[in-house]
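So the structure is just underneath, and the comments pick up after that.
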Amino acid sequence: MPKKDDLSKGDKVTWNSHGQKVPGTVKRKITDRTEAAGRTVDASKDEPQYEVESDKSGRSAVHKPGSLRKKGRSS
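Here full-length UniProt numbering is used: position 51 in the sequence shown is 51, and no number is missing along the way.
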């Protein structure tokens, strides 16, 4: 069974934002304190976060793995 944070660049995911399910794509896994999506992200190797891009708006956001849901693979 895959780990909860088993996401890779290019994976299609969804997350909840303001009561709506938002589809998007993983841009990168963040494992260090850095600037992303207009804010400072306190990530580490033990507690990574993911920069994602919304399919609808094209905007970037950063989420913890628990808030992202990987979409099923399409052929």
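Heads up, the beta-carbon is just placed ideally off N, CA and C, and yes, glycines get one too.
On a predicted model such as this, the values are computed, not experimentally measured, just so you know.
Task: Whether residue 32 touches residue 71 by CB criterion (9 Å) - done: no
TODO: Label residue 49 either buried or exposed according to how many other C-beta atoms from any shown protein chain fall within 10 Å of its C-beta, with 16 as the threshold for buried.
DONE: buried
- [ ] Please look up how many angstroms separate the CB atoms of residue 15 and residue 57, rounded, as I've assumed it's under 8 Å.
- [x] So it is not a contact: roughly 13 Å between Cβ atoms.
Task: Spatial neighbours of residue 40 in its chain, beta-carbon cut-off 8 Å, leaving aside the 5 residues before and after - done: 33, 34
- [ ] Note down the Cα distance separating residue 13 from residue 37, rounded to an integer number of angstroms.
- [x] 17 Å
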